[in-house]
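Visitor:
2 protein chains.
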Amino acid sequence: MMRVWQNGRIIEPDEAHVSIADRGLLLGDGLFETMAVHNAQVFDLDAHLERLTSGLGVLGFVQAVDLPKLRSAIARYIAAEEASSAVLRVTVTRGAGPRGLAPPEAPHPAIFMTLSPMPAVRKIPLSLHIATVTRRNEYSALSRIKALPYLDNLLALAEARGQSADDALMLNTRGTIACATVANVFVIREGRLETPPVCDGALPGTMRALVLCLAKQAGLAAVENSLHVKDLAEADEVILTNSISRVMEARDCNGLPLGRRAGAAVERLRALIASRFDAE
Amino acid sequence: MMRVWQNGRIIEPDEAHVSIADRGLLLGDGLFETMAVHNAQVFDLDAHLERLTSGLGVLGFVQAVDLPKLRSAIARYIAAEEASSAVLRVTVTRGAGPRGLAPPEAPHPAIFMTLSPMPAVRKIPLSLHIATVTRRNEYSALSRIKALPYLDNLLALAEARGQSADDALMLNTRGTIACATVANVFVIREGRLETPPVCDGALPGTMRALVLCLAKQAGLAAVENSLHVKDLAEADEVILTNSISRVMEARDCNGLPLGRRAGAAVERLRALIASRFDAE
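Keeping their order, the protein sequence lines are chains H and C. Using the numbering used here, you'd call the opening residue of the first sequence number 87 and step up by one each time. Using the numbering used here, you'd call the opening residue of the second sequence number 87 and step up by one each time.
1) Per DSSP, SER312/C forms a beta bridge with which residues?
2) Which bits of chain C does MET163/H rub up against, with CB to CB less than 9 Å?
3) Beta-carbon within less than 7 Å of VAL352/C's beta-carbon, same chain only, minus the 5 sequence neighbours each way: which residues are those?
4) Return the first residue and the last residue of the beta strand (DSSP E) that VAL396/H is part of.
5) Whole angstroms is fine: what's the gap from ALA308/C's alpha carbon to VAL271/C's?
6) How is the beta strand (DSSP E) around ASP338/C delimited, first residue to last?
7) Apply the 10 Å Cβ neighbour rule to ASN311/H and answer buried if 16 or more other Cβ atoms are within range, or exposed otherwise.
8) Distance check for ARG347/H and ARG214/H, CA to CA, integer angstroms please.
9) Taking the beta strand (DSSP E) that ILE216/C falls in, what are its first and last residues?
10) Under 9 Å between the Cβ atoms of ILE231/C and LEU145/C?
11) Pick out whichever of LEU112/H, SER229/H and LYS155/H has its Cα sitting closest to the Cα of SER140/H.
12) Under the assumption that THR70/H contacts ILE330/H (Cβ atoms under 8 Å), give the Cβ distance between them as a whole number of angstroms.
13) Roughly how many angstroms separate the alpha carbons of ALA254/H and THR179/C, rounded to a whole number?
14) If I'm right that THR262/C touches LEU313/C with Cβ under 8 Å, what's the distance once you round it to whole angstroms?
15) Roughly how many angstroms lie between the CA atoms of ARG354/C and PRO290/C, to the nearest whole one?
16) Using DSSP bridges, identify the partner residues of MET256/H.
17) Looking only at C-alpha atoms, which of LEU113/C, GLY94/C and VAL173/C sits nearest to ALA206/C?
18) Given that GLN92/H touches chain C, what residues does it touch there, using C-beta distances under 9 Å?
19) Report the residues of the region 236–263 of chain H with a CB closer than 7 Å to any CB of chain D, ordered along the chain.
20) Please state the DSSP three-state secondary structure of GLN79/H.
21) Measure the alpha-carbon distance for ALA217/H versus LEU243/H and round it to whole angstroms.
22) Which chain C residues are close to LEU111/H, counting only those with a beta carbon under 8 Å from its beta carbon?
23) For ALA122/C versus ASP130/C, is the C-beta distance shorter than 9 Å?
24) Return the chain-ordered list of same chain residues with a C-beta closer than 7 Å to the C-beta of LEU306/C, the five sequence neighbours on each side being excluded.
25) Determine the DSSP secondary structure at HIS103/H, reduced to helix, strand or coil.
26) Between which two residues does the alpha helix (DSSP H) holding ALA233/H run?
27) Considering ARG385/C, what are the terminal residues of the alpha helix (DSSP H) in which it resides?
28) Could you name the residues that DSSP lists as bridge partners for GLY345/H?
29) When we look at the beta-carbon of GLU245/H and count the other beta-carbons within 10 Å, is it buried (16 or more) or exposed?
30) Name, please, each residue of chain C whose Cβ falls closer than 8 Å to the Cβ of GLY114/H.
31) In the structure shown, what three-state DSSP assignment does ALA188/H receive?
32) Going by beta-carbon coordinates alone, are GLY183/H and ARG137/H separated by less than 9 Å?
33) So VAL271/C contacts chain H; which residues on that side make the cut at Cβ distance below 7 Å?
34) Quick one: grab the DSSP three-state call for ASN239/H.
35) Go to ARG175/C, then tell me how far its beta strand (DSSP E) extends in each direction, as first and last residue.
36) Quick check: is the beta carbon of ASN311/H nearer than 9 Å to any beta carbon in chain C?
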C-alpha cells in the first residue's frame, strides 16, 4: 500500500488514523471522491472538486475547507508517490465534535487521501441482481452528493453477491432504476443512450456526465429519463459507468439475459473516453 | 471528558483513534448504541444488546463480535470510570478492509465506548419542523437498525435549527411520519397512545418499546399505526422518546401550536419510566 496523505503530511498507512470523536466515523458526517490517476494526473479533477464543493455546501462546512490548497496537495501527493496509474480517494469529514448530532460551530475538518493500485480492466460483462434489501432514497439531498454513508449500497452488493451476481441494481422508492452500487446505469436502445435523471436518485457521476457529453460523437442521442426494470429487457445493451472502471457492460439481470447488440456504439464510447484520458 | 474504552483498554480520549482504513469511517459500515447509565448501571442493557445483535446480523458480521465479552467490558468500564449517571455510547465498526465496498471475509471489528455527562432534563416542550431536505427511507433495512450513518438526520436537524425549531420530524417516502432526528414520535388522542410502526421507517427504539409496554398502566391504549401530519393537529399531545431524554413534549410544529391536553397521562408515563430506572 502506498503512503497516505493526511492533513498536509505524507505518512505510512499504519500511522494514519482519526480520533474516535471524528464525526465522519460516528455519524457518517463527511464526503469523499474516488478518482482515476492516469499518466500521473487526476482525470477530470475539476468535476470531482466541483462535486466535493457541492457536497460541502449541502453539509454546510464549505468555508472550512481550503479547496485550492487541497488541489495543490493532490498534485504534490501524486508526485511524491510517483503514482502514474492509480486510484486516488480523497476523504473529508467534519472532524471531531461533541456528543450528539448538532455540529460544532467552527468545524476542523479531517482530510486524508489514499492511493491504491488501478484495478485491471474488467472484460467479462456483469451479472446484475435487483436489490430488495434497500432502495435508493431519491428524497434525500444525500442521493445527489458523494457522502460517506455507503451502507445501503453495501447491503445491496452483499445481497447480489449472495445471488452469485457481480453487482446490484438499486431501485428508488418509486420503483424505477436509480444506479448500481458504485456506478451509474445506462441503457442503449434504438440509437438512444438513456440514463435516470438525478432526481430519480442517480448520483451525478463524473463518468456519467462525460458519457452523456460524448454520446453524440458515439452516434447515440443522450436522454435523461426514468428507467423501469422492463426497459432492461428491451435494451440493445445495458452499461454501467464510474470514474475507475469507465464503461462496463451487463450480461444478465436476475438471471435473465440482457441484449448485447450495441457493441460497436459501446466500443466507440470507450475509445472516446480513452482519448480524453490520454489527452489530459 | 471521561476516558475511552477501546479494544479492551481504557485510555485517554486523545489516544483513542481508528485507522483511516476503518470501514466505519470510509463507508459508515458499523453500528452504535446510546444508553443511559443510571445508578452505575446501564438501563435496559438487554434491549440495547439485542438491537446491536440484530444490526450485526443485518450487516453480516455478528460472528465476529463477542457479545458476552462486550457485556462484561461495559460493566468494567462503568466501574473503572465510577460513572453513576452518564451517557454510554458503544460503537462497533467492521474494522479495516481493502478499497471498495466488498467487505473482508474475516472482519476484525473495531469496538470503542465513551461515557459523557448525562444532559439536564429538558423542561421546555420542543418546537418541531417537518424536514424537506430528506425523508426517512422505510425501504431500507437500515431504517430498522442503529447503523452509523446519521447524515440524513443531521441534515434534517440543521434544516430545523435554521427555522429556529429544536428538532425535525422526518417523514418517510410515502409522506407519513417516521420519527424525529434522534427520537421516536407518539401522539396521544382519545385515550390512545399512537406511534408509527417500524415498517413506516421508525427505528425500533428501546424507549419506544418501554413506552408501548407501560402505556396501559398510564391509562392509555398503545397502538402502532401510520401517523399523518394532520394527526398532529388533532392530538391531545405529541411526545418524543429516546433512551437518554426519555419523554419530551412538543409545543408546536411548523409554527402551529400543538395540543397540550394530556399532561396527566404524560406525567404518569414519566413516573412509570422513572420507577423502572430506579428499580434496575
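All residues carry an ideal CB built from backbone N, CA and C; glycine is no exception.
Guide: This is what the structure holds:
1) Here residue 312/C corresponds to residue number 226 of the second sequence, with the count starting at 1. Answer is none; SER312/C lacks a bridge partner.
2) Reading the first sequence from its first residue, position 77 is the one you call residue 163/H. Looking at the sequence shown, residue 163/H is not Met but Tyr. Result: empty, since nearest Cβ-Cβ is about 14 Å, beyond 9 Å.
3) For the purposes of this step, residue 352/C is taken as the residue at position 266 of the second sequence. Cβ neighbours of VAL352/C beyond the five flanking positions: GLU323, ILE325, VAL333 and GLU335.
4) What the structure shows of chain H is the stretch from 87 to 366, and residue 396/H is not part of that stretch, so it cannot be assessed.
5) The residue you call residue 308/C lines up with position 222 of the second sequence. The residue you call residue 271/C lines up with position 185 of the second sequence. Near 13 Å, if we compare the C-alpha coordinates of VAL271/C and ALA308/C.
6) In the second sequence, the residue the question calls residue 338/C occupies position 252. Per DSSP, ASP338/C belongs to the beta strand (DSSP E) from 332–339.
7) The sequence position of residue 311/H within the first sequence is 225, counting from 1. It counts as exposed.
8) By one-based count along the first sequence, residue 214/H stands at place 128. By one-based count along the first sequence, residue 347/H stands at place 261. The amino acid occupying residue 214/H in the given sequence is Leu; Arg does not appear at that position. Roughly 18 Å between the two C-alpha positions.
9) On the second sequence, residue 216/C is found 130 positions in, with the first residue counted as 1. Residues 212–216.
10) By 1-based counting over the second sequence, the position of residue 231/C is 145. By 1-based counting over the second sequence, the position of residue 145/C is 59. Against a cut-off of 9 Å, the Cβ pair of LEU145/C and ILE231/C comes out as a contact.
11) Taking the first sequence and counting its residues from 1, the one referred to as residue 140/H is at position 54. Among LEU112/H, SER229/H and LYS155/H, the Cα nearest to that of SER140/H is on SER229/H.
12) Limits of chain H in this structure are 87 at one end and 366 at the other, which puts residue 70/H out of reach.
13) Here the question's residue 254/H lines up with position 168 in the first sequence. Here the question's residue 179/C lines up with position 93 in the second sequence. Looking at the two C-alpha atoms, the distance is approximately 23 Å.
14) The residue you call residue 262/C lines up with position 176 of the second sequence. The residue you call residue 313/C lines up with position 227 of the second sequence. Contact flag correct, Cβ pair sits at about 6 Å.
15) For the purposes of this step, residue 354/C is identified with residue 268 of the second sequence, where counting begins at 1. For the purposes of this step, residue 290/C is identified with residue 204 of the second sequence, where counting begins at 1. Going from the Cα of ARG354/C to the Cα of PRO290/C covers about 22 Å.
16) Here residue 256/H corresponds to residue number 170 of the first sequence, with the count starting at 1. DSSP output for MET256/H lists CYS265/H as bridge partner(s).
17) If you number the second sequence from 1, residue 206/C lands on position 120. Checking every option, the nearest Cα to that of ALA206/C belongs to VAL173/C.
18) Counting from one through the first sequence, the residue named residue 92/H turns up at place 6. By Cβ distance, chain C contributes ILE106.
19) The structure shown contains no chain D; the protein chains it does contain are H and C.
20) With chain H covering only 87 through 366, there is no way to say anything about residue 79/H.
21) Within the first sequence, numbered from 1, the residue matching residue 217/H stands at position 131. Within the first sequence, numbered from 1, the residue matching residue 243/H stands at position 157. Distance between the alpha carbons of ALA217/H and LEU243/H: 8 Å.
22) Here residue 111/H refers to the residue found at position 25 of the first sequence. By Cβ distance, chain C contributes VAL104, ASP108, GLY110, LEU111, THR177, THR179 and LEU234.
23) Translated into the one-based positions of the second sequence, residue 122/C becomes position 36. Translated into the one-based positions of the second sequence, residue 130/C becomes position 44. Yes, the Cβ-Cβ distance between ALA122/C and ASP130/C is below 9 Å.
24) Locating residue 306/C in the second sequence gives position 220, counting from the first residue. Correct list, in chain order: ILE274, GLY277, ARG278, LEU279 and ALA351.
25) For the purposes of this step, residue 103/H is identified with residue 17 of the first sequence, where counting begins at 1. Note: HIS103/H maps to strand in three-state DSSP.
26) The sequence position of residue 233/H within the first sequence is 147, counting from 1. No alpha helix (DSSP H) holds ALA233/H; DSSP gives it neither H nor E.
27) Outside the displayed span of chain C (87 to 366) sits residue 385/C, for which this structure offers no information.
28) Taking the first sequence and counting its residues from 1, the one referred to as residue 345/H is at position 259. According to DSSP, which records beta bridges pairwise, GLY345/H is partnered with nothing at all.
29) For the purposes of this step, residue 245/H is identified with residue 159 of the first sequence, where counting begins at 1. Burial call: buried.
30) Locating residue 114/H in the first sequence gives position 28, counting from the first residue. Per Cβ cutoff of 8 Å: GLY114, LEU234, PRO235, TYR236 and LEU237.
31) As a working note, residue 188/H is residue 102 in the first sequence. Note: ALA188/H maps to coil in three-state DSSP.
32) In the first sequence, residue 183/H corresponds to position 97, counting from 1. In the first sequence, residue 137/H corresponds to position 51, counting from 1. Going by C-beta atoms, GLY183/H is not nearer than 9 Å to ARG137/H.
33) If you number the second sequence from 1, residue 271/C lands on position 185. Within 7 Å Cβ-Cβ: nothing; VAL271/C doesn't reach chain H, min ~16 Å.
34) Here the question's residue 239/H lines up with position 153 in the first sequence. It is helical.
35) Against the second sequence, residue 175/C aligns to sequence position 89. Here the beta strand (DSSP E) through ARG175/C covers 172–179.
36) Counting from 1 along the first sequence, the entry for residue 311/H is found at position 225. Cβ-Cβ to chain C under 9 Å: no for ASN311/H.
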